[in-house]
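Residue numbers (mature numbering (1 follows the signal peptide of the UniProt record, and there is no 0)): -17 to -1, 1 to 117.
Beta carbons are placed, not taken as given, at the ideal position from N, Cα and C, and that holds for glycine.
Predicted model, so just to flag it, every value in this text is computed and none were measured.
Contents: one structure, followed by commentary.
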Amino acid sequence: MGSLTVALAMLRQRVFAPALATSTRCYAVKPAAAAPGAKKKKLGKLGPIMEKKVIPVETDANKLVGYVCGSNYLKTGQDVKIKPDAEYPDWLWTLNTERIIPLDELDPNTKQYWRRLRKMALRRNNQLSKLKKF
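In structure tokens, the structure reads:
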């Protein structure tokens, strides 16, 4: 029985192994070089990581005073020019920019009051549902 196993091992090495190796051979290939101006992508655990874009900051004082910097999101064109205060509607100057008005100070006959009340109730229900085990 010993000579039979030796003969099968030799047969496997000379006949079957080269036939199998030719179909499953693979060669290590060096990755193609990236274009000279292309960015390198970093690989993380879950795939490529997006690099943050650096947005230039405007430092020209005249442009900061006369234009709304960053308002032009198109490739062509320019930022919106700031107009005199008289050209803007009156309601613009009455907007609340200081703080959020508490619910106690709002009038219950307004939509704003009921929307805020609904939003607070939804938040409270969501917090309570997080406390449940199931």
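Is residue j closer than 9 Å to residue i when the C-beta atoms are compared?
i     : j      : result
Leu89 : Met103 : no
Asn55 : Val48  : no
Trp76 : Asp68  : yes
If I follow the unbroken alpha helix (DSSP H) through residue i, where does it start and stop?
i     : result
Gly49 : 44 to 49
Taking the alpha-carbon of residue i as reference, which of the options has the nearest alpha-carbon?
i     : options                        : result
Ile65 : Arg106, Leu78, Lys46, Ser(-15) : Lys46
Can you name the start and end residues of the beta strand (DSSP E) that residue i belongs to?
i     : result
Ile32 : 30 to 32
Under the three-state reduction of DSSP, which class applies to residue i: helix, strand or coil?
i        : result
Val(-12) : helix
Lys35    : coil
Lys113   : helix
Lys58    : coil
Lys66    : coil
Asn108   : helix
Glu81    : coil
Asp73    : helix
Got a sec? Which residues, its chain only, sit under 7 Å from residue i by beta carbon, not counting five neighbours each side?
i     : result
Glu41 : Leu47, Cys52
Tyr50 : Asp62, Val63, Lys64, Ile65
Quick check: is any heavy atom of the ligand ZN less than 8 Å from the C-beta of residue i?
i     : result
Asp73 : Summarising the ligand content, the structure contains no ligands, and the ligand ZN is consequently not present.
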